[in-house]
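Shown next, in structure tokens, is the structure this report addresses.
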Amino acid sequence: MRRSRKRARSSIDAHGPARMELLLVRHAIAFAPNPRRWPDDAERPLSPPGAARARKAAQGLRRITPRPARVLVSPLRRARQTAAILTRFAGWPEALECVQLLPGASPEGVLALLARTRGRRLAVVGHQPALGRLLAACLPGEVRAAAFEFRKMAVALLAFQGSARARRGQLLWLLPPRVLRAAR
């Protein structure tokens, strides 16, 4: 008796390129700029209430979305602290600091970084207005970055067929921090 061997089709064969998901996270509430206290604004930390709210939002995020394979973070202290909270309270992997995620980051630079990063589900922790510009650049058509209210500790989820590329993303959701805190 001879067995029939059919080649199993992978999801890539059956449905085109594998889906890639990208989580965009704006850092939590930080202290107000104060040149006397923090001469280098890059060292300005999260405020205690901002950190507490971020912990609650991270717990909610853990309930509503799977953890990413990799997390990329701006080198600024407030973004690194937000990523550390996501590691501890949402179970995300430790973040890798990337200068491409500084506040003035270009969408093209971030997309190039993402193209070199392995993982079907990635997360970026960064700043406004760079995250809003990145989100707008990922969506089809001429979307203005100002169209999105990206509050501190807000999270957006985008999906792409294949890798993250300009004008090829689909916005699945953009949740304000109060919704994330309520989900915990």
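Under my numbering, the sequence shown is numbered contiguously, ending at residue 217. For glycine and all other residues, C-beta sits at the position ideal for the given N, C-alpha and C.
Query                                                                                                    : Result
Under 8 Å between C-beta atoms of Leu167 and Thr115                                                      : no
Entirely enclosed beta strand (DSSP E) segments - the segment 54 to 108, minimum 3 residues              : 103 to 106
Under the three-state DSSP convention, the category Glu175 falls into                                    : coil
Segment contact flag, the segment 100 to 115 with the segment 123 to 136, C-beta cutoff 8 Å, min 3 pairs : yes
Burial state of Leu129, where buried means 16 or more other Cβ atoms lie within 10 Å                     : exposed
Residue-level contact to chain B via CB, Arg95, 8 Å cutoff                                               : Protein chains in the displayed structure number just one, and chain B is not present.
Burial state of Glu76 (16 or more Cβ within 10 Å)                                                        : exposed
Coil, strand or helix - Gln161 by DSSP                                                                   : coil
Enclosing beta strand (DSSP E) for Gly192 [first to last residue]                                        : It is worth fixing the name first, because residue 192 is Ala in this sequence and not Gly. Counting along the chain, the beta strand (DSSP E) containing Ala192 begins and ends at Val188 to Gln194.
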